[in-house]
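To start, the structure under review is shown below, and the notes come after it.
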Amino acid sequence: GENVEQHPSTLSVQEGDSAVIKCTYSDSASNYFPWYKQELGKRPQLIIDIRSNVGEKKDQRIAVTLNKTAKHFSLHITETQPEDSAVYFCAASESNYQLIWGAGTKLIIKP
Amino acid sequence: GAVVSQHPSRVICKSGTSVKIECRSLDFQATTMFWYRQFPKKSLMLMATSNEGSKATYEQGVEKDKFLINHASLTLSTLTVTSAHPEDSSFYICSDGYTFGSGTRLTVV
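Take a look at the structure:
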């Protein structure tokens, strides 16, 4: 079955700098890759997603890149702000949309 | 976008009692609902997949008789934790595959 690995487990960056979180997946049949942001005690919220027919997608300060050959995808956050501090999860799924989750990355934005 | 409403948000119950958690899809019909459990500082662990009108599919290691799932209509899926024990204390959250409910913090005392 699918296995998703996420790195790093904790990432600390200076406010204003960029943050990059990386995930790898094992099943080449996976074709949907969402990223979720979870603040303490709250539900995960979808922040951006990408499908396998696209290599990159941007939404303001957030971007996701996908390398199907290498089976990895990354989340890029530019001009980080204190409110970006949270735990970020990547996930992968095939068309039945049952998500396989990464272990999460705790992002800390230092003022 | 789709909205999934989950209740209750917090519940404290005594050992041995049962607790029901509801997830409602407010503006769409959800034929499938995923139920997750999340331990502190950990990722989401899929417990089971509920399917409207049929039996739920449970992940390996999840006790069917302990975590009862019902998906009787296209807008309501429920998870009942039966004979709860302190080790069942956790954050339970449902999802239609894209949108999550607000989660339920269960504490068993």
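Chains B and E are the protein sequences, given in the same order.
Take 5 as the starting number for the first sequence in our numbering and just add one per residue.
Take 489 as the starting number for the second sequence in our numbering and just add one per residue.
By construction, the Cβ of each residue, glycine as well, lies at the ideal position given by its N, Cα and C atoms.
Computed from a predicted structure; not experimentally measured.
(request) Quick one: using the 10 Å Cβ neighbour count with 16 as the cut-off for buried, is ALA560 of chain E buried or exposed? (result) Exposed is the call here.
(message) Could you check whether HIS76 of chain B and SER126 of chain B sit closer than 8 Å to each other, using their CB atoms as the reference points?
(response) The requested residue 126 of chain B is not part of the displayed model; chain B covers only 5 to 115.
(message) Once DSSP output is grouped into helix, strand and coil, what is the label at GLU87 of chain B?
(response) helix
(request) List the whole-angstrom C-beta distance separating THR592 of chain E from SER506 of chain E, where the pair is believed to meet the contact cut-off of C-beta under 8 Å. (result) At roughly 14 Å, the Cβ-Cβ gap does not stay under 8 Å, so THR592 of chain E and SER506 of chain E are not in contact.
(message) Check this for me: beta carbons of TYR580 of chain E and ILE500 of chain E, under 8 Å apart or not?
(response) no
(request) State the DSSP-derived secondary structure class of GLU547 of chain E, mapped to helix, strand or coil. (result) If DSSP states are grouped into helix, strand and coil, GLU547 of chain E belongs with coil.
(message) Taking a contact to mean a Cβ-Cβ separation below 8 Å, would you say THR82 of chain B touches THR14 of chain B in this structure?
(response) With a cutoff of 8 Å on beta-carbon distance, THR82 of chain B and THR14 of chain B are scored as not near each other.
(request) Select from the segment 555 to 582 of chain E all residues with a C-beta closer than 9 Å to any C-beta belonging to chain B, and list them in chain order. (result) PHE579 and ILE581
(request) Determine the chain B residues that contact SER434 of chain E at a beta-carbon separation under 9 Å, and present them in chain order. (result) In the structure displayed, chain E extends from 489 to 597; residue 434 of chain E sits before or after that span and is not available.
(message) Less than 6 Å between C-beta atoms, sequence neighbours within five positions excluded: which residues of the same chain meet that for GLN18 of chain B?
(response) LYS114
(request) Select from the segment 63 to 97 of chain B all residues with a C-beta closer than 7 Å to any C-beta belonging to chain E, and list them in chain order. (result) Only those residues of the segment 63 to 97 of chain B whose C-beta falls short of 7 Å from the nearest C-beta of chain E are listed: PHE93.
(request) Return the bridge partner residues of MET533 of chain E from the DSSP annotation. (result) Note: MET533 of chain E sits in a beta bridge opposite E:ARG525.
(message) Is TYR546 of chain E close to chain B? Criterion is C-beta to C-beta, closer than 8 Å.
(response) no
(message) Between which residues of its own chain and GLN102 of chain B is the CB-CB distance below 6 Å, once the five residues before and five after are set aside?
(response) none
(request) Check PRO38 of chain B in the structure and name its three-state DSSP category. (result) strand
(message) With distance defined between alpha-carbon atoms, name the residue in B:VAL58, B:ARG47 and B:ALA107 nearest to ALA95 of chain B.
(response) B:ALA107
(request) Apply the 10 Å Cβ neighbour rule to SER503 of chain E and answer buried if 16 or more other Cβ atoms are within range, or exposed otherwise. (result) It is exposed - the Cβ of SER503 of chain E has fewer than 16 other Cβ atoms within 10 Å.
(message) My output table needs one value for ASP31 of chain B: the three-state DSSP class, helix, strand or coil.
(response) Look at ASP31 of chain B here: in three-state DSSP terms it is coil, with no helix or strand label.
(message) Looking only at its chain, what residues have a beta carbon closer than 6 Å to the beta carbon of ASN558 of chain E, apart from the 5 residues adjacent to it on each side?
(response) THR566
(message) What does the Cβ neighbour count give for ASP576 of chain E, buried or exposed, with the cut at 16 atoms within 10 Å?
(response) Result: buried.
(message) Please tell me whether SER538 of chain E has its Cβ less than 8 Å away from any Cβ of chain B.
(response) no
(message) Excluding the 5 residues flanking SER590 of chain E on each side, which residues of the same chain have their C-beta closer than 7 Å to its C-beta?
(response) GLN494 and SER497
(request) Count the other CB atoms, across all protein chains shown, that sit within 10 Å of the CB of LEU532 of chain E; report buried if there are 16 or more and exposed otherwise. (result) Its Cβ being crowded by 16 or more others within 10 Å, LEU532 of chain E is buried.
(request) Report back the beta-carbon spacing between GLN49 of chain B and CYS27 of chain B to the nearest angstrom; my notes put them in contact at under 8 Å. (result) GLN49 of chain B to CYS27 of chain B, Cβ: 17 Å. No contact.
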